[in-house]
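Contents: one structure, followed by commentary.
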Amino acid sequence: MEKHRVRQHIVPQAYLKKFAQKNVNNSGANISVYQKENNRQFNCAVKNVAFEKKLL
0 MEKHRVRQHI
10 VPQAYLKKFA
20 QKNVNNSGAN
30 ISVYQKENNR
40 QFNCAVKNVA
50 FEKKLL
């Protein structure tokens, strides 16, 4: 069976990029993320935030 690497974003990436800062290493954008389970804050790429794997 083929593995699908589909990421369905709950919040559109275009909206998240408005709050993000440009990444100096590449053309992407980073946003500050707060993880409630671990009470932790960190920076993450917009493409890795607010998505569900295999939502469809």
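For the sequence shown, numbering that gives the first Met the number 0 begins at 0 and goes up steadily by one. Virtual Cβ for every residue (Gly too), placed ideally from N, Cα, C. What you are looking at is a predicted structure, and each value in this text was computed from that prediction instead of being measured.
What would DSSP say about residue i, mapped onto helix, strand or coil?
| i | result |
| --- | --- |
| residue 47 | helix |
| residue 35 | coil |
| residue 28 | strand |
| residue 21 | strand |
| residue 52 | strand |
Please report the residue range of the beta strand (DSSP E) in which residue i lies.
| i | result |
| --- | --- |
| residue 4 | That residue, residue 4, is in no beta strand (DSSP E); it is neither H nor E in DSSP. |
Assuming residue i and residue j make a contact with CB atoms under 8 angstroms, what is their CB distance in whole Å?
| i | j | result |
| --- | --- | --- |
| residue 48 | residue 30 | 6 angstroms |
| residue 18 | residue 32 | Incorrect: roughly 11 angstroms between the Cβ atoms, too far for contact. |
If you check the beta carbons only, do residue i and residue j fall under 8 angstroms apart?
| i | j | result |
| --- | --- | --- |
| residue 27 | residue 52 | no |
| residue 6 | residue 50 | yes |
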